[in-house]
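Under numbering that gives the first Met the number 0, the sequence shown has 212 at position 213, and the numbering climbs by one with no breaks. Reading through the structure tokens given below for one structure.
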Amino acid sequence: MEDIQLLSSCGIDPIKTLGHGAYGTVYLSFNNELGVIAAKVMRIEKFDEREWDAAGKLNQPEFRCPFIMKYLRAKAFQTDAVILMEYANAKSLDSIVKDKTKNLSNGTYRALSKQILEGMRLVHASGLIHRDIKAENIMMHSSNGSTKVKIADFGLAKVDVSNQMGITACGTPLNMAPELILHTSTGNFKVDIWSVGVVLFQLRTHEYPIQAGSILELTKKMASGRIIRPASIQDDQLWNLLTRLLEFDPNRRISAEQALQHPYFTSQQAQAEISPLSRQITQNYVSKHES
């Protein structure tokens, strides 16, 4: 069935194409009930119920977060499937990583980093492992002069079952944790933390912390257990945070919750740099979920 016809049968009016890939096509769309949304259309064989199951878990009141993409509805047809999501009106973080002519201000970088970690804290608190955290899967949404991140694409998400079979290697190799590349551990939610560290490193340097042209080269560099501090990272607190996120030993790697308590986010300088509106967004969210 043609995408336009399929969406129309669901009461969805497609406006324009937002992206297209192996996963299917995403359309900026409108629905009388939901308003402006993003509609992902894919072949039925590409429809992974894990993505929708993960979305359902994260839509529970105790796990809702402004920094996680909200999934609205899903419908499977004989040959195709449609997932409706909230619309993020800006590009992904990958657009920042790839543009080496532009660098985020300290305050913006700190605020976005904190939002990513707050979102991951809730993903892990819900018992899920994302397994494919990368700059392309973190969207941005601008509203009222403030930008929020939206962690998206839970197609590889898996429930974290402690002390049972670990996760399989999924995602993009340069974003993957050492324990998955080196097969030294079955892996748990800490694999996401490494991947978050990679994204934060990229946002500041426009480079991967470990660069390799092949799995063999990546394996050798991972085995060295060493990441070189780039000249562009002069903030000692930031470098300490990144080394804690990019810790090669998953048992010593900090969690998202611990990272949020790092001086890089809690110091007087940090509070001064993060915009009042960004703080208010986070404070409103935290107050709502702690009450």
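Virtual Cβ for every residue (Gly too), placed ideally from N, Cα, C.
- With at least 16 other beta carbons inside 10 angstroms of its own, Val-195 counts as buried.
- Two segments are said to touch when three or more pairs of C-beta atoms, one from each, lie closer than 8 Å; by this definition the stretch 80-100 does not touch the stretch 234-242.
- Following the DSSP letters along the chain, one finds Pro-177 inside the alpha helix (DSSP H) bounded by residues 177-180.
- Counting along the chain, Ser-28 sits inside no alpha helix (DSSP H); it lies in the beta strand (DSSP E) bounded by residues 23-30.
- With respect to the 7 Å criterion, Ile-150 and Gly-186 are not classified as neighbours on the basis of their beta carbons.
- Ranking Leu-217, Gly-212, Pro-208, Leu-215 by CA distance to the CA of Ile-226 puts Pro-208 first.
- Around Tyr-86, the same chain offers Val-35, Ile-36, Ala-37 as residues with beta carbons nearer than 6 Å, after the five sequence neighbours per side are excluded.
- In the displayed model, Lys-15 falls within a strand according to three-state DSSP.
- Per DSSP, the beta bridge partners of Ser-141 are Thr-146.
- 7 Å or more divides the Cβ of Val-198 from the Cβ of Ala-110.
- When the beta-carbon positions are compared, Ile-3 and Ser-28 stay at least 7 Å from each other.
- Counting every other CB atom within 10 Å of its CB across the protein chains shown gives Arg-203 a total of 16 or more, marking it as buried.
- Here Ser-94 is not bridged, per DSSP, to any residue.
- Around the C-beta of His-129, 16 or more other C-beta atoms lie within 10 Å, and the residue is accordingly described as buried.
- When secondary structure is reduced to three states using DSSP, Met-84 falls in the strand class.
- Along the stretch 52-76, the alpha helix (DSSP H) does not occur as any fully enclosed run of 4 or more residues.
- At least 7 Å separates the beta-carbon of Glu-272 from that of Asn-102.
- Leu-127 and Val-190 have their C-alpha atoms some 12 Å from each other.
- For Ala-110, the enclosing alpha helix (DSSP H) has its first and last residue at 105-124.
- Residues of the same chain with a CB within less than 8 Å of the CB of Met-221, apart from the 5 flanking positions on each side, are Pro-177, Ile-180, Leu-181, Ile-209, Phe-247 in chain order.
- Take the alpha-carbon of Leu-57 and the one of Ala-75: they are about 20 Å apart.
- Separation of the CB atoms of Val-81 and Val-122 is rounded to 24 Å, and the pair is thereby denied contact status at 8 Å.
- By alpha-carbon distance to Ile-253, the top candidate from Cys-9, His-205, Ala-269, Phe-188 is Phe-188.
- In the structure shown, Ile-214 adopts helical secondary structure according to DSSP, grouped into three states.
- Between the alpha carbons of Asn-88 and Leu-33 lies a distance of about 16 Å.
- Of Leu-217, Arg-42, Thr-265, Glu-48, the smallest CA-CA separation from Gly-20 is found for Arg-42.
- Following the DSSP letters along the chain, one finds Ile-36 inside the beta strand (DSSP E) bounded by residues 34-42.
- Between the C-alpha atoms of Lys-219 and Gly-212 there is a straight-line separation of about 11 Å.
- A direct Cα-Cα distance of roughly 30 Å separates Glu-44 from His-140.
- If you check the CB distance, Val-148 and Gln-114 come in under 7 Å.
- For Leu-199, the enclosing alpha helix (DSSP H) begins and ends at 189-204.
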